[in-house]
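Enquirer:
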Amino acid sequence: MPHPGSLDETGRWRRPECIGTRSRYQRSIGQPRYWQQRKVDQLSKPTRDILLLENIHEEAEPAFKKAGLKVRRTGGTLDETELIEAIGDSTMIGIRSRSQMTEKVINSVPNLEAIACFCIGTNQVDLDAAARRGIAVFNSPFCNTRSVAEMTIAEIIGLHRGLFDKNSAMHQGRWDKSATNSHEVRGRVIGIVGYGHIGSQVSVLAEALGMRVVYHDIVPKMAMGNAIPAGSLDELLAESDVVTLHVPETPDTKNMIDARALKRMKSGSMLINNSRGSVVDIDALAEAIKSEHVMGVALDVYPSEPRARQDDFTCPLSGLPGVVMTPHIGGSTEEAQIAIAREVSMKMVTYQQRGTTTSSVNIPEVELPHRRDGQDRILHFHRNVPGVLSKMHGILAEGHVNIHAEYLQSTGDLSYVILDVDHLQDGSVIDQFRNMDETIRLRWLS
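Under the numbering used here, think of the first position of the sequence shown as 3, with each following residue one higher.
#1: Give me the Cα-Cα distance between S271 and E186, rounded to the nearest whole angstrom.
#2: Flag this pair as yes or no: are the beta carbons of A310 and T104 separated by less than 8 Å?
#3: Near G332, what residues of its chain come up, given a Cβ to Cβ distance below 6 Å and the 5 sequence neighbours on each side ignored?
#4: Rounded to whole angstroms, what is the Cα-Cα separation between C20 and T360?
#5: Using the rule of at least 16 other Cβ atoms within 10 Å of the residue's Cβ for burial, across every protein chain shown, is D415 buried or exposed?
#6: By the three-class DSSP mapping on this structure, what secondary structure does A225 have?
#7: Determine the direct distance from the alpha carbon of D314 to that of E84, and round the result to whole angstroms.
#8: For a test of the three-state rule: what should DSSP assign to D428, helix, strand or coil?
#9: Considering only DSSP beta bridges, list what M327 is partnered with.
#10: With 16 other CB atoms within 10 Å as the buried threshold, where does Q174 fall?
#11: Say whether the segment 387-396 touches the segment 346-366, bearing in mind that this needs 3 or more beta-carbon pairs closer than 8 Å, one atom from each stretch.
#12: CB N386 to CB S417, shorter than 8 Å?
#13: Ignore the nearest five residues each way along the sequence and tell me which others in M213's own chain have a CB closer than 6 Å to its CB.
#14: Ordered along the chain, which non-local residues of its own chain (more than five positions away) have a Cβ less than 6 Å from that of A290?
#15: Which residues in the same chain as D260 place their Cβ atom closer than 6 Å to its Cβ, once the five residues preceding and following it in sequence are excluded?
#16: According to DSSP, is L409 helix, strand or coil?
#17: Report yes if the C-beta distance between R445 and L381 is below 8 Å; otherwise report no.
#18: Note down the Cα distance separating M3 from I194, rounded to an integer number of angstroms.
#19: Can at least three beta-carbon pairs, one atom from the segment 110-126 and one from the segment 422-431, be found at a separation below 8 Å?
#20: Sorted by chain position, which residues of the same chain lie with C-beta nearer than 6 Å to V244's C-beta, five sequence neighbours on each side aside?
#21: Using the beta-carbon count (16 or more within 10 Å), is G321 buried or exposed?
#22: So is T255 buried or exposed if we call it buried at 16+ other beta carbons inside 10 Å?
#23: Grouping DSSP H, G and I as helix and E and B as strand, with all else coil, what is Q339?
#24: Return the CA-CA distance between V215 and G201, expressed in angstroms with no decimal places.
#25: Look at the alpha carbon of T23 and the alpha carbon of P371, and state the distance between them as a whole number of angstroms.
#26: CA-CA distance, N257 and V299?
#27: Assign D378 to one of three DSSP states: helix, strand, or coil.
#28: Three or more C-beta pairs under 8 Å: does that hold for the segment 219-227 against the segment 202-209?
#29: Between T335 and P318, what straight-line distance do the alpha-carbon atoms span, to the nearest angstrom?
#30: Going by CA-CA distance only, name the one from F66, D178, I95 that's closest to L55.
#31: So which of T316, R374, N364 has the shortest CA-CA distance to F383?
#32: I'd like to check one pair, D128 with N113: are the Cβ atoms closer than 8 Å?
#33: CB-CB under 7 Å to K168, same chain, minus the five flanking residues each way: which ones, in chain order?
#34: Assuming L444 is part of the beta strand (DSSP E), what are its boundary residues?
#35: Ignore the nearest five residues each way along the sequence and tell me which others in S269's own chain have a CB closer than 7 Å to its CB.
#36: Assign G193 to one of three DSSP states: helix, strand, or coil.
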């Protein structure tokens, strides 16, 4: 099992406990019934809609519309000013990998409650800034795993057979039939850096092709099949015929494949990066290709990527032999995008309707049951300091409001408490909760 606080290749923190169950701090009375249609926050009424950017698959829309959310779409990627203006009073936004939810954007849209990343990574969102505002961020860490793994295997075979160069020659009218530098992948050593969801899937597929698999991860992982853990990254680089990267973008992974690491690789080996563009020093890689130390490269991600399809793209590897470049399409299959759209939209709707934060990447995770008839639910984000619950209980007691269920989870400086209480006749209790110094964000479901 991974140790607490470690990162997987999606950039999500692993928790030391199972989050799918009720918190050990929670208190519940009675069994919940199916949740009835909620009413929006009765003190402030932001626009209940979601803004979808970057051509998110249309399969996301049915869940939002069924939940009563208006769906707005804006094509392409927006800069900070455009993004702030586009979000406006909306409570939710859906993005992919190019839209940058910076601290400035997050602090400029006070009604925003949740951010949906319809992709694996969340490095395009300032997660700390979102947490400080009580804004939940959701992603899809698994749904495009197969798509990325399949493309990786296709690139490994294509590079070993020289298919990409042969195809280019044919289009130029050259019949270059030759077995020179063309190899089977059977018996070759594949080194997988990052043995998470994608890395382990690549491991299974590669072994099925007869490849010998070695892998390296910062966290001990159970090997799939006959895969063997390498003693270190350097050991993996020196042993592998092809190295494939499946790691998140973190300070520790920035330029992890630099000039030194490239020199550690076998002469004539190959490198594949379908993870994050910051992981490879592109200039150093260009020199390794020119010197023929590295004989094959496949890249799907880059340190700097165009914001829109029509924008120009430049890269030091352009025109070099044995280099395959694709425009960040590792997870761009119909199957993956449909699955991502369904998964993330359901997470967002469940958060909107119940307050469930399970699988959020930046705030305390709490799985909530349906709310019972005749009860209201108070969702309260606050600073994690002593005395907050005591204040809340005191306010409810003074108002003669009974608590039927209580759920609490904390992460660092942020706490999330959910109270199922008697139906509130007016907003006086909510006003007092909002006016507490520790309150960050509050929602009232009635």
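No residue lacks a Cβ here, since even glycine has one placed at the ideal position from N, Cα and C. None of these values were measured; they are calculated from a predicted model.
Expert: On the basis of the supplied data:
#1: For the purposes of this step, residue 271 is identified with residue 269 of the sequence shown, where counting begins at 1. For the purposes of this step, residue 186 is identified with residue 184 of the sequence shown, where counting begins at 1. Straight-line Cα distance between these residues: approximately 14 Å.
#2: Along the sequence shown, one-based indexing puts residue 310 at 308. Along the sequence shown, one-based indexing puts residue 104 at 102. Not in contact: A310 and T104 (Cβ atoms no closer than 8 Å).
#3: One-based indexing of the sequence shown puts residue 332 at position 330. Excluding residues within five positions, the ones whose Cβ falls inside 6 Å are V150, M153, N276, D302.
#4: Counting from one through the sequence shown, the residue named residue 20 turns up at place 18. Counting from one through the sequence shown, the residue named residue 360 turns up at place 358. Bear in mind that the predicted position of C20 carries a pLDDT of just 32, short of 50, making it unreliable; the figure below should be weighed with that in mind. Roughly 10 Å between the two C-alpha positions.
#5: One-based indexing of the sequence shown puts residue 415 at position 413. The residue is exposed, with fewer than 16 neighbouring Cβ atoms inside 10 Å.
#6: Residue 225 sits at position 223 when you count from the first residue of the sequence shown. In this structure, A225 counts as coil in the three-state DSSP scheme.
#7: For the purposes of this step, residue 84 is taken as the residue at position 82 of the sequence shown. For the purposes of this step, residue 314 is taken as the residue at position 312 of the sequence shown. C-alpha separation (whole angstroms): 21 Å.
#8: Locating residue 428 in the sequence shown gives position 426, counting from the first residue. Three-state DSSP puts D428 in coil, outside helix and strand.
#9: Here residue 327 is taken as the residue at index 325 of the sequence shown, counted from 1. According to DSSP, which records beta bridges pairwise, M327 is partnered with L301.
#10: Locating residue 174 in the sequence shown gives position 172, where the first residue counts as 1. Counting Cβ neighbours within 10 Å, Q174 comes out exposed, since fewer than 16 surround it.
#11: no
#12: Here residue 386 refers to the residue found at position 384 of the sequence shown. Here residue 417 refers to the residue found at position 415 of the sequence shown. Yes; because the gap between Cβ atoms is below 8 Å, this pair is in contact.
#13: Along the sequence shown, one-based indexing puts residue 213 at 211. V187, R190, I192, listed in sequence order.
#14: For the purposes of this step, residue 290 is taken as residue 288 along the sequence shown, with counting starting at 1. The answer, listed in chain order, is L264, V296.
#15: Translated into the one-based positions of the sequence shown, residue 260 becomes position 258. Same-chain partners within the cutoff: D283, A286.
#16: As a position in the sequence shown, residue 409 is number 407, starting the count at 1. Looking at the sequence provided, one finds Tyr at residue 409 rather than Leu. Looking at Y409 - three-state DSSP - the assignment turns out to be strand.
#17: Translated into the one-based positions of the sequence shown, residue 445 becomes position 443. Translated into the one-based positions of the sequence shown, residue 381 becomes position 379. Result yes, Cβ atoms of R445 and L381 sit closer than 8 Å.
#18: Working through the sequence shown from its first residue, we reach residue 3 at position 1. Working through the sequence shown from its first residue, we reach residue 194 at position 192. Residue confidence is low: M3 scores 37 on pLDDT, short of 50, so the model does not pin down where it sits. No coordinate-derived value is stated.
#19: no
#20: The count along the sequence shown starts at 1 and reaches residue 244 at position 242. Within the same chain, V244 has close Cβ partners I158, I192, M272.
#21: The residue given as residue 321 occupies position 319 in the sequence shown. By the 10 Å Cβ count, G321 comes out exposed.
#22: Within the sequence shown, residue 255 is the residue found at index 253, counting from 1. By the 10 Å Cβ count, T255 comes out buried.
#23: For the purposes of this step, residue 339 is taken as residue 337 along the sequence shown, with counting starting at 1. Note: Q339 maps to helix in three-state DSSP.
#24: Stepping through the sequence shown from its first residue, residue 215 is reached at position 213. Stepping through the sequence shown from its first residue, residue 201 is reached at position 199. Spanning the two alpha carbons is a distance of roughly 11 Å.
#25: Mapped onto the sequence shown, residue 23 falls at position 21. Mapped onto the sequence shown, residue 371 falls at position 369. Per-residue confidence for T23 stands at a pLDDT of 34, beneath the threshold of 50, marking its modelled position as unreliable; the derived number appears in the next sentence. One C-alpha to the other measures close to 11 Å.
#26: Taking the sequence shown and counting its residues from 1, the one referred to as residue 257 is at position 255. Taking the sequence shown and counting its residues from 1, the one referred to as residue 299 is at position 297. The alpha-carbon atoms of N257 and V299 are separated by roughly 16 Å.
#27: For the purposes of this step, residue 378 is taken as residue 376 along the sequence shown, with counting starting at 1. Reduced to three states, the DSSP call for D378 is strand.
#28: yes
#29: Numbered from 1 along the sequence shown, position 333 holds the residue referred to as residue 335. Numbered from 1 along the sequence shown, position 316 holds the residue referred to as residue 318. Distance between the alpha carbons of T335 and P318: 27 Å.
#30: Residue 55 sits at position 53 when you count from the first residue of the sequence shown. Answer by Cα proximity: I95.
#31: For this step, residue 383 is matched to residue 381 along the sequence shown. F383 has its Cα closest to that of N364, out of T316, R374, N364.
#32: Counting from 1 along the sequence shown, the entry for residue 113 is found at position 111. Counting from 1 along the sequence shown, the entry for residue 128 is found at position 126. The answer is no: Cβ separation not under 8 Å.
#33: Translated into positions along the sequence shown, residue 168 becomes position 166. Cβ neighbours of K168 beyond the five flanking positions: D178.
#34: On the sequence shown, residue 444 is found 442 positions in, with the first residue counted as 1. That run of the beta strand (DSSP E) goes 441-447.
#35: As a first step, residue 269 must be located in the sequence shown, where it is residue number 267. H295, listed in sequence order.
#36: The residue given as residue 193 occupies position 191 in the sequence shown. If DSSP states are grouped into helix, strand and coil, G193 belongs with the strands.
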